[in-house]
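Q: Under this note's numbering, think of the first position of the sequence shown as 253, with each following residue one higher.
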Amino acid sequence: MIYQEFAHFYDELFDEKLYDRWLNYTVKRIRSNWHVLDLACGTGRLAIRLAHRGYDIDGADLSEDMLTMAEQRARTEHVNVPFIQADMRNLEGLPRYDAISCYDDSLCYLIEQSDLGRAFQSINDHLIPTGVFLFDVITPYQTDTVYPGFMYNYQDEGSAFMWTSYEGEFAAHSVEHELAFFLYNADKDAYDAYSELHQERTYDVETYKQMLANAGFSRILVTTDFGDRPFSNHVKRWMFECHKEIG
Numbered sequence: 253m254i255y256q257e258f259a260h261f262y263d264e265l266f267d268e269k270l271y272d273r274w275l276n277y278t279v280k281r282i283r284s285n286w287h288v289l290d291l292a293c294g295t296g297r298l299a300i301r302l303a304h305r306g307y308d309i310d311g312a313d314l315s316e317d318m319l320t321m322a323e324q325r326a327r328t329e330h331v332n333v334p335f336i337q338a339d340m341r342n343l344e345g346l347p348r349y350d351a352i353s354c355y356d357d358s359l360c361y362l363i364e365q366s367d368l369g370r371a372f373q374s375i376n377d378h379l380i381p382t383g384v385f386l387f388d389v390i391t392p393y394q395t396d397t398v399y400p401g402f403m404y405n406y407q408d409e410g411s412a413f414m415w416t417s418y419e420g421e422f423a424a425h426s427v428e429h430e431l432a433f434f435l436y437n438a439d440k441d442a443y444d445a446y447s448e449l450h451q452e453r454t455y456d457v458e459t460y461k462q463m464l465a466n467a468g469f470s471r472i473l474v475t476t477d478f479g480d481r482p483f484s485n486h487v488k489r490w491m492f493e494c495h496k497e498i499g
């Protein structure tokens with residue numbers, strides 16, 4: 253889904269302040285001596301921030317290109333973070349963790365509900381009996397009201413990026429993102445063009461809670477504004493704090 257060229261654009265264009273907010277949300281909910289997995293870690297920005305705080309942190313992502321950039325960043329910042337290529341629907345071979353995080357609406361890219369259920373179960377299976385699962389998702393308000401018709405354009409001397417979002421036709425509360433980006437190629441004195449289609453899907457909060465309960469989670473707390481505000485339907489993002497059932 254994500255190729256090397258997009259990985260570089262993603263890394264350059266993403267608002268770093270969001271990683272600080274994910275960091276603050278996480279450290280308020282995990283202990284300093286815990287072994288933590290940052291799932292769908294991307295280019296490693298959050299995992300490396302946690303490593304700088306002294307956490308025993310692993311990073312996992314499906315994209316080899318993202319992981320390559322994450323490893324390069326870890327070396328540059330002189331931290332030791334194991335980065336693992338893994339599919340969140342099947343974490344077989346990984347150890348059990350005290351906590352697992354999965355942010356930036358990464359779970360919304362599992363557009364089949366059965367795949368999301370598999371991911372929840374796999375995550376639960378790789379937590380210790382008192383483990384904590386932290387994640388976020390975009391809301392139906394975001395997919396149904398905010399995203400349709402959204403456009404974003406970026407250009408500098410050597411590149412350009414265009415992002416357009418549409419209401420998804422494949423499921424309720426879904427969205428499609430058309431991404432086009434252009435990199436200047438000095439050998440050709442022209443731009444190389446790349447394009448991708450990204451699809452996301454979300455659910456009402458009760459569906460998430462039921463799926464999490466089915467996977468073995470309890471004490472499910474849903475907040476907004478990166479944990480600073482209580483639950484509301486009319487927001488762009490929900491934050492989930494889920495505790496594994498003991499027994």
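Beta carbons: idealized from backbone N, C-alpha and C, even for Gly. Fair warning: this is a prediction, and the values are worked out from it, not measured in the lab.
Which first and last residues belong to the alpha helix (DSSP H) in which residue 327 is found?
A: Run containing residue 327: 316 to 328, per the alpha helix (DSSP H) assignment.
Q: On the DSSP letters alone, give me the boundaries of the alpha helix (DSSP H) that residue 300 sits inside.
A: Residues 297 to 304.
Q: By the three-class DSSP mapping on this structure, what secondary structure does residue 498 have?
A: Here residue 498 sits in coil by DSSP.
Q: What are the complete alpha helix (DSSP H) segments, minimum 4 residues, inside the segment 433 to 496?
A: Fully enclosed alpha helix (DSSP H) runs of 4 or longer: 457 to 466.
Q: Taking the C-alpha atoms as reference points, what is the distance between residue 408 and residue 295?
A: Each residue's alpha carbon lies about 22 Å from the other.
Q: Classify residue 284 as helix, strand or coil using the three-state DSSP reduction.
A: Three-state DSSP puts residue 284 in coil, outside helix and strand.
Q: Mind checking which residues open and close the alpha helix (DSSP H) that includes residue 227?
A: Absent from the model: residue 227. The displayed extent of the chain is 253 to 499, so no value can be given.
Q: Going by the beta-carbon positions, is the gap between residue 352 and residue 291 smaller than 8 Å?
A: Yes, the Cβ-Cβ distance between residue 352 and residue 291 is below 8 Å.
Q: For residue 426, count neighbouring C-beta atoms within 10 Å of its own C-beta (all shown protein chains included) and say buried if the count is 16 or more, exposed if not.
A: Result: buried.
Q: Determine, using beta-carbon pairs with one atom in the segment 491 to 498 and one in the segment 456 to 470, whether at least three such pairs fall under 8 Å.
A: Touching, per the Cβ criterion.
Q: Quick check: is any heavy atom of the ligand NAP less than 7 Å from the C-beta of residue 432?
A: Questions concerning the ligand NAP fall outside what the structure shown contains, since it holds no ligand whatsoever.
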